[in-house]
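Novice:
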Amino acid sequence: MSNLEWRSDSPPVKLEDVTQRFRVIQERPDTLRELFSKALRHEVSYHNFEALQNVSLEVPQGQMLGIIGRNGSGKSTLLKLIAGVYRPTMGTVRVNGSLAPLIELGAGFHHELTGRENILLSGLLMGYSKDEMRRRERSIIEFADIGDFIDAPIKQYSSGMHTRLAFAVATEVDPDILIVDEILAVGDAAFQEKCFARIENFRKAGKTILFVSHNMAQLTAHCDRAVLLDKGTIIDDGDPVEVARHYQSLTVPELAPTC
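Count the sequence shown with the numbering used here and you get residues 426 to 684, in order.
#1: Can you name the start and end residues of the beta strand (DSSP E) that Phe-636 belongs to?
#2: Name the DSSP bridge partner or partners of Met-551?
#3: Measuring alpha carbon to alpha carbon, tell me which of Leu-603, Arg-559 and Glu-607 ends up nearest Ala-525.
#4: Hey, Gln-445 and Ile-634: beta-carbon distance below 9 Å or not?
#5: What do you reckon, is the C-beta of His-647 under 8 Å from a heavy atom of the ligand ADP?
#6: Within the same chain, show all residues whose beta-carbon is closer than 7 Å to that of Ala-593, passing over the 5 residues directly before and after it, in chain order.
#7: Hey, is the region 471–485 in contact with the region 652–659, meaning 3+ C-beta pairs nearer than 8 Å?
#8: Counting Cβ pairs, one atom from each stretch, are 3 or more of them under 8 Å apart for the region 552–566 and the region 633–647?
#9: Could you pull the start and end residues of the alpha helix (DSSP H) that Leu-604 belongs to?
#10: In whole angstroms, what is the alpha-carbon distance linking Met-586 and Asp-442?
#11: Residues in the same chain with beta-carbon distance under 7 Å from Gln-617, minus the five sequence neighbours each way, listed in chain order, please.
#12: Please classify Arg-560: is it buried, with 16 or more other beta-carbons within 10 angstroms of its beta-carbon, or exposed?
#13: Bridge partners of Phe-447, per DSSP?
#14: Is Val-520 helix, strand or coil when you go by DSSP?
#15: Mapping DSSP to helix, strand and coil, what is Ala-577?
#16: Of the choices Asp-662, Val-598, Ala-591 and Ala-615, whose alpha-carbon is the least far from that of Val-605?
#17: What does the alpha-carbon distance come out to for the pair Ser-554 and Asn-543?
#18: From Arg-512 to Asn-496, what distance separates their C-alpha atoms?
#19: Nearest by alpha-carbon distance to Lys-505: which of Ile-528, Met-515, Ile-492 and Gly-494 is it?
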């Protein structure tokens with residue numbers, strides 16, 4: 426029986442034998458009407474795709490875990506399971522603590538609202554009061570540093586502005602667990618440096634951080650541990666330098682060690 430649990434007696438993140446299966450339609454009908462018609466006649470052709478297969482993972486408090494792998498290896502699926510976006514097909518996902526997921530650029534923002542309005546909305550969705558978010562607003566705006574755009578609709582923001590505001594909100598509300606999935610890649614170098622300085626403060630405060638990146642320099646400089654995903658399974662888990670070397674051997678075959 427698959428489930429998502431919140432337990433006070435477990436580590437911040439724990440997955441046990443988790444499989445995530447998606448149904449992929451092989452022959453896509455031209456219209457929605459045709460799709461329903463074929464579905465009623467049981468003529469829709471599909472196959473099951475397992476994005477994750479029997480994954481077990483435990484992340485202790487205070488650890489910054491790097492998650493790497495080639496595109497399609499299951500990294501984002503793993504993070505979405507932990508964030509509660511998906512429920513596992515099989516296995517158990519346990520999360521202990523408040524969580525701020527930075528999984529998709531601008532996820533949770535209402536594009537017709539201004540940046541200032543979205544600060545309040547995001548905080549309310551995470552369980553904070555209106556007064557609490559008003560107190561935190563100035564600090565969030567200062568960190569995001571997007572000037573007068575804070576009072577412009579989100580739909581007018583560049584990808585960099587999205588990142589600045591999303592990261593500022595997520596880290597200002599002081600979560601127990603922070604999930605960062607590649608979105609820092611769209612920020613400029615100065616902003617990335619400011620973000621990693623804040624991440625270091627999170628680490629010192631004993632927070633748990635899950636970090637997905639294709640930047641091996643960032644991985645080895647900031648993470649305590651790394652796992653390597655390939656075709657939905659964890660094939661390496663340990664020292665970030667060694668795991669990064671393994672990953673590079675998969676992406677650049679000539680770097681693979683010789684027997």
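Where a beta carbon is used, it is the ideal one built from N, C-alpha and C, also for glycine.
Bear in mind that the values here come from a model prediction, so they are computed numbers and not experimental data.
Specialist: So, to answer that:
#1: 633–637
#2: Answer is none; Met-551 lacks a bridge partner.
#3: Leu-603
#4: no
#5: Although the ligand ADP was asked about, the structure shown includes no ligands whatsoever.
#6: Ile-565, Phe-568 and Ala-569
#7: Verdict: yes, contact present.
#8: no
#9: Correcting the residue type first, residue 604 is Ile in the shown sequence and not Leu. Looking at the DSSP string, Ile-604 is not in any alpha helix (DSSP H); the run it does join, the beta strand (DSSP E), is 602–606.
#10: 38 Å
#11: Leu-609
#12: Exposed, because fewer than 16 other Cβ atoms sit within 10 Å of the Cβ of Arg-560.
#13: Phe-474
#14: strand
#15: coil
#16: Ala-591
#17: 14 Å
#18: The straight-line gap from Cα to Cα measures roughly 22 Å.
#19: Ile-528
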